[in-house]
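Each remark here refers to the structure printed beneath this line.
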Amino acid sequence: MFSNPMVCWSCRHTVAPQDHFCPSCHRIQPLEEEINYFQFLSLGDRMNPVPGDLEREFHRLSRLFHPDYYNLRSPEERKFSLERSSFLNGAYRTVRDPVMRARYRLKLEGFNVDEERGKTPPDLLMEVFEINEQLEELSQAENRRDLTQASQLRDKLLGQAVRMKERLRVLDSELAEVFKSWDASLDDGVMPELQRQQLVARMHELLSYRSYIRNLVEDIEEKDREWE
Amino acid sequence: MGIIIGIDLGTTNSLAAYIREGKPQIVPGRDGNLLVPSVVSFDEKQGVLVGNAAVNRLLIEPERTIYSVKRLMGRGPEDVKEDMKWLPYAISPESSQVVRVVVGDRQYTPPELSAFILKELARSAEKLFNQKITQAVITVPAYFNDAQRQATKDAGKLAGLDVLRILNEPTAASLAYGLDRKKEGNIAVYDLGGGTFDISILKVRGGIFEVLATNGDTHLGGDDIDHLLMNLVRDELKISHGIELTGRTRTEREFLQKIRKAVISAKHRLSSHETARITVDFSDFTYQRELRRDEFESLIEPIVQRTLDPCRRCLRDAGFSPGDLDEVVLVGGATRIPLVRRRVEELFRRKPHTELNPDEVVALGAAVQADILGGLRQDMLLLDVTPLSLGIETIGGVVSKLILRNSTIPASAVEEFTTFVDGQTSVDIHVLQGERELAKDNRSLARFQLKGLPPMPAGVPRISVRFLIDANGILSVSAHEKRTGKEASIEVKPSYGLTDEEVEKMLFESIEFAEEDFRMRQVIESRNDADTILSATQQALESPEAAMLEEAEGQRIRGAVASLQKAYQGEDPKLIRDRIDELNEATLHLAELIMNRAVQSALKQND
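From first to last, the protein sequence lines stand for chains Y and U. Per our numbering, the very first residue in the first sequence carries number 1; after that it's consecutive. Per our numbering, the very first residue in the second sequence carries number 229; after that it's consecutive.
Structure, rendered in structure tokens:
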């Protein structure tokens, strides 16, 4: 399967890694491990797809790969259709969401971005301290069955959550800016390695910051659900 | 390429459909009705009865008549305790991963019982097309888990059908609607059936039906409304007549079935009338009660409310507010209830569509999907999702999610495993479905054991395991060790349901039983023919012509009668037939004589 140069499993004609179908016999090809989601969705190296275009491409490729259309074909073709359509579904799910898209890019660039909470960003220290204190006070008020204070704290925390969500929106638009710069740089020709590194670093920074805030919001919302 | 039929295997009714000239049509049942009640009855004389013939036996032999078997599919005995309080049949105490229904001295699993219904539908289609039906698309509730889907597939296999696709009911309905209206936009399908509730939100664009989110409750439906009404009658009987019905004795079970029949007809009437009368005839008195629609509505409000939370969650998962929807479609018999329609309208803030018959629309959609799989139409494509997240148990009983709910299927995930002990040659993987954090709160799906790993120091092997949910929503798992490239062998222990071997064995046995059933029918038919000729011979031997026979001829007839009577005692249909032929031959002359007299007397009368 990974022999070089690649040939069609059926007619032995030469096949390029990005070919979904054999250029000669038009049969569906097995999935190459090296291909990434961006290439698969015909985005090349781009980071900022037009949402409508992305959906159209997803639908176009779905029509080409979906197992429903391979029911009468050979076992090999059915297997490859399953491989390609499940890969396509994963690719679309990841790429259509900006945060998952950025995380996937970072993974391709060799970063291991997991959901874990890292160090508290310095400019958030005060607010994190305050939120944690209020969460703690809320638990205590609940234990004392002091409903008046609990309700006040809850309102305060929900106010914090609203502010945090506003921050998330700002971060999202900053992330969108990075995607734009990335694509603009590609449009100019080959992206200089230094610039690529800077943009990747910026994405990494935004994502860590974002997941930190996201976790805080979730803590508050979880507490709020408990309270109800 | 034979005909592929679409089957809606429902809790209350089942039906099959096919495509004729591009349009889906329902296959009429063998008794002429379009709906085949999902009821199977085991009659000692007539054998297995399905559909309306079986419904009639609910009042006569409730413990040998099985309905709502769909509620038992893919479930363990613990899951169905509440149902068993209502159902007149019993389940075996030996049931473990799969429920076993006791009928006389035999036991049947839910897939076997469903197979009887599927066979009946296939036979109706065979009668219609005059050819063998071997392929089908079968629908299931969208919120069915892996075990429930697998059980449905097993049922198809046991019915001799190659199940080309397990299709979600609300999505099937959307296909039928899409075909009918050719409209694009965002659609919510609200499907409240006999035993299950589903809500799905789809985006329809350029012939692509993309499911964005689905939610539901596989234990919520019209059956639960029936139980509420039965409870009402039961409580009143206790107060007014001091009768307590627990369903323990046969008479009580029959009474409960009478009550069930009466409350169902009242429920149906209340969809179009303001009041209904519940009348139950018991042997020594008649129970009567008037039920107003407002009483009925306040009684069932909690059930209707239970459908609304899944709807809200589904909207949230789709990233929609009610205003983003272009249409709401109602499916399932219980959506005829005015209160259900009102609540749906309030939640989604628009009048729901009810143009297509809510009992038929799922089967019609299944036929459309059958057409797609048969390569006969490529203008439509369904992109469905998996309703529940798939995960594996990790240290501390915590679930690590691999495929999130509402992921488009087919969907796959690859996870790497390693060993913890030097020389370890197998790894256990516990796969679960559900949204909760802890393994114990989710549905256990199966335990996989990776075996035959090359012995290496702890942590060195890198076993890559691929989890694949196919277009049926059913999981398969494959694995290979990355360092050696060796395929790892996997032993699967499903937590609920039948193993492949068990299905094979049942299939084999059902063929054996079918042969035995066929032989028994031949015996019965030959005995019936023997009865006819024996009584005719008896009459002939008493006629005046018998005296005119030679002694030897008379003896030959009596000898042939004796040997037929002897063969009659045995169970060899061919022997009985041979003896009938012999007796026929021996009485040929006598029959001629009698015939002559009859002809002559007829001539005389004419003179």
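Cβ coordinates follow ideal geometry from the N, Cα and C atoms, glycine included.
DSSP three-state assignment for residue i, whether helix, strand or coil
{"i": "H20/Y", "result": "coil"}
{"i": "S185/Y", "result": "helix"}
{"i": "L386/U", "result": "helix"}
{"i": "M1/Y", "result": "Confidence is the limiting factor: at M1/Y the pLDDT is only 42, short of 50, which leaves the residue's position unreliable and the question unanswerable from this model."}
{"i": "K165/Y", "result": "helix"}
{"i": "L792/U", "result": "helix"}
{"i": "S211/Y", "result": "helix"}
{"i": "D155/Y", "result": "helix"}
{"i": "K355/U", "result": "helix"}
{"i": "Q516/U", "result": "strand"}
{"i": "V439/U", "result": "strand"}
Outcome for residue i when other beta-carbon atoms lying within 10 angstroms are tallied against a minimum of 16
{"i": "F483/U", "result": "buried"}
{"i": "G651/U", "result": "exposed"}
{"i": "R303/U", "result": "buried"}
{"i": "S468/U", "result": "exposed"}
{"i": "G798/U", "result": "exposed"}
{"i": "Q766/U", "result": "exposed"}
{"i": "M734/U", "result": "buried"}
{"i": "I691/U", "result": "buried"}
{"i": "D311/U", "result": "buried"}
{"i": "E438/U", "result": "buried"}
{"i": "R163/Y", "result": "exposed"}
{"i": "I623/U", "result": "exposed"}
{"i": "R84/Y", "result": "buried"}
Span separating the alpha-carbon of residue i from that of residue j
{"i": "P772/U", "j": "E813/U", "result": "20 Å"}
{"i": "A416/U", "j": "I288/U", "result": "42 Å"}
{"i": "A176/Y", "j": "R167/Y", "result": "14 Å"}
{"i": "P840/U", "j": "L457/U", "result": "Because residue 840/U is not part of the residues shown, which for chain U are 229 to 835, the question remains open."}
{"i": "R210/Y", "j": "L171/Y", "result": "7 Å"}
{"i": "Q828/U", "j": "I822/U", "result": "10 Å"}
{"i": "I28/Y", "j": "M6/Y", "result": "14 Å"}
{"i": "F111/Y", "j": "M100/Y", "result": "14 Å"}
{"i": "R711/U", "j": "M47/Y", "result": "34 Å"}
{"i": "Y724/U", "j": "V329/U", "result": "15 Å"}
{"i": "A370/U", "j": "P192/Y", "result": "50 Å"}
{"i": "R93/Y", "j": "S526/U", "result": "43 Å"}
{"i": "I427/U", "j": "I235/U", "result": "20 Å"}
{"i": "L82/Y", "j": "Q516/U", "result": "59 Å"}
{"i": "Y37/Y", "j": "F179/Y", "result": "16 Å"}
{"i": "V613/U", "j": "R462/U", "result": "42 Å"}
{"i": "Q606/U", "j": "L64/Y", "result": "11 Å"}
{"i": "S706/U", "j": "D390/U", "result": "23 Å"}
{"i": "V432/U", "j": "Q661/U", "result": "28 Å"}
{"i": "K223/Y", "j": "L135/Y", "result": "8 Å"}
{"i": "R145/Y", "j": "I220/Y", "result": "19 Å"}
{"i": "L216/Y", "j": "S635/U", "result": "26 Å"}
{"i": "L584/U", "j": "A594/U", "result": "14 Å"}
{"i": "L575/U", "j": "R540/U", "result": "8 Å"}
Contacts around residue i, its chain only, beta-carbon distance under 8 Å, and the 5 residues preceding and following it disregarded
{"i": "P638/U", "result": "L696, I697, D698 and A699"}
Nearest neighbour of residue i, chosen from the options [CA to CA]
{"i": "G787/U", "options": "Q797/U, P801/U and R807/U", "result": "R807/U"}
{"i": "E127/Y", "options": "M47/Y, I213/Y, H59/Y and D224/Y", "result": "I213/Y"}
{"i": "T563/U", "options": "Q661/U, S402/U and L420/U", "result": "L420/U"}
{"i": "L609/U", "options": "E130/Y, D68/Y and E109/Y", "result": "D68/Y"}
{"i": "I804/U", "options": "M823/U, E753/U and L777/U", "result": "E753/U"}
{"i": "P51/Y", "options": "Q152/Y, R96/Y and F179/Y", "result": "R96/Y"}
{"i": "A641/U", "options": "R103/Y, L88/Y and K165/Y", "result": "L88/Y"}
{"i": "G177/U", "options": "G444/U, D445/U and G406/U", "result": "Residue 177/U lies beyond the residue range present for chain U, which begins at 229 and ends at 835; the question has no answer from this structure."}
{"i": "L262/U", "options": "A379/U, A591/U and Q359/U", "result": "A591/U"}
{"i": "K794/U", "options": "L818/U, R755/U and V626/U", "result": "R755/U"}
Contact set for residue i: own chain, Cβ-Cβ below 6 Å, skip 5 residues either direction
{"i": "A546/U", "result": "I429, L440 and A441"}
{"i": "D554/U", "result": "G413 and N414"}
{"i": "L124/Y", "result": "none"}
{"i": "S617/U", "result": "K629, L632, R633 and E663"}
{"i": "R521/U", "result": "L498 and E502"}
{"i": "Y418/U", "result": "I427, L558 and V572"}
Own chain partners of residue i with C-beta closer than 7 Å, once the 5 adjacent residues on each side are dropped
{"i": "L726/U", "result": "V326, T337, P339 and D382"}
{"i": "P586/U", "result": "L558, V559, G560, G561, T563 and R564"}
{"i": "E348/U", "result": "V264, V278 and G279"}
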